[in-house]
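Numbering (the numbering used here), first residue to last: 10 to 217.
Backbone N, C-alpha and C fix where the C-beta goes; we use that ideal spot for every residue, glycine too.
Keep in mind the model is a prediction, meaning the values are calculated, not measured.
Report on the following structure.
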């Protein structure tokens, strides 16, 4: 009986070990560069007291403040109101080799009726174009759903310096038009800026 008991205990012990969950693998670290456009003497678009360089910097700072995901590591092409040359921005991005970079801008137009989001990628780089387009599409969908900004179904190809020179997936977002009253009110509103920041972080968290 003692022999059978020992065998039974051994079987139970093995069975118990079989149900112990393996140690969870740490999540992949996602590196993202946030490029707040313009800065310093380069104001970007302006409308009354609303200035592009300041608004995109405010949103970039909110992305930093709202990021509680330890798997997401954020880098910034500028942290202050300083002018950074476009080649220097691209060089910094390439030196980091992040999973993604997002360049934040705001539009202006002679017509105050023009409004909404616009997304640009570099289709000439086959190694990054598909992923860039996929991310731009996600950003368009979620920003349209989760903020007061209007979406744009067309993802555009553009020869912007930072898109052309960067060797990693990237999206340049025009977050609306300062010359449109509704867009301007959205982009200068603290609550809406936080929604924009959180939406960008939501999309970034899906990167694999």
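Along the chain, where does the alpha helix (DSSP H) containing residue 116 start, and where does it finish? In the chain shown, residue 116 corresponds to position 107, counting from 1. Counting along the chain, residue 116 falls outside any alpha helix (DSSP H), though it belongs to the beta strand (DSSP E) covering 109 to 116.
Report the rounded CA-to-CA distance for residue 139 versus residue 132, giving the unit in angstroms. Taking the first residue of the chain shown as position 1, residue 139 is located at position 130. Taking the first residue of the chain shown as position 1, residue 132 is located at position 123. Taking the straight line joining both Cα atoms gives about 8 Å.
Under the assumption that residue 91 contacts residue 48 (Cβ atoms under 8 Å), give the Cβ distance between them as a whole number of angstroms. Position 82 of the chain shown, counted from the first residue, corresponds to residue 91. Position 39 of the chain shown, counted from the first residue, corresponds to residue 48. Indeed, because the Cβ distance is near 5 Å, the residues count as touching under 8 Å.
Taking the DSSP output, what are the residues bridged to residue 51? If you number the chain shown from 1, residue 51 lands on position 42. BP columns for residue 51 point to 48.
Option in 142, 160 and 108 with minimal Cα separation from residue 150: By 1-based counting over the chain shown, the position of residue 150 is 141. Among 142, 160 and 108, the Cα nearest to that of residue 150 is on 160.
Taking buried to mean at least 16 other C-beta atoms within 10 Å of its own C-beta, is residue 17 buried or exposed? Your numbering for residue 17 matches position 8 in the chain shown. Here residue 17 scores only 47 on pLDDT, less than 50, and its place in the model is too uncertain to base an answer on.
Give the C-beta separation of residue 107 and residue 174 to the nearest angstrom, bearing in mind that I take them to be a contact with Cβ-Cβ under 8 Å. For the purposes of this step, residue 107 is taken as residue 98 along the chain shown, with counting starting at 1. For the purposes of this step, residue 174 is taken as residue 165 along the chain shown, with counting starting at 1. That belief does not hold up - the Cβ atoms of residue 107 and residue 174 are roughly 14 Å apart, past 8 Å.
Could you tell me the boundaries of the alpha helix (DSSP H) in which residue 101 lies? The residue you call residue 101 lines up with position 92 of the chain shown. It spans 95 to 105 - the alpha helix (DSSP H) in which residue 101 sits, taken as one unbroken run.
Could you please give me the residues that DSSP links to residue 179 through a beta bridge? Reading the chain shown from its first residue, position 170 is the one you call residue 179. 110, per the DSSP bridge assignment.
Whole runs of the beta strand (DSSP E) within the stretch 111 to 196, excluding any shorter than 3 residues: 127 to 130, 164 to 166 and 179 to 186
What does a CB cutoff of less than 6 Å around residue 127 pick up in its chain, not counting 5 residues either side in sequence? Locating residue 127 in the chain shown gives position 118, where the first residue counts as 1. Excluding positions up to five away in sequence, the list reads 161 and 183.
At the level of alpha carbons, what is the spacing between residue 111 and residue 121? As a working mapping, residue 111 is identified with position 102 in the chain shown. As a working mapping, residue 121 is identified with position 112 in the chain shown. Going by the C-alpha atoms only, they are around 26 Å apart.
Residue closest to residue 98, alpha-carbon to alpha-carbon, out of 170, 196, 202 and 116: The count along the chain shown starts at 1 and reaches residue 98 at position 89. Of the candidates 170, 196, 202 and 116, the one whose C-alpha sits nearest the C-alpha of residue 98 is 170.
Hey, how far is the Cα of residue 105 from the Cα of residue 206? Numbered from its first residue, the chain shown carries residue 105 at position 96. Numbered from its first residue, the chain shown carries residue 206 at position 197. About 22 Å.
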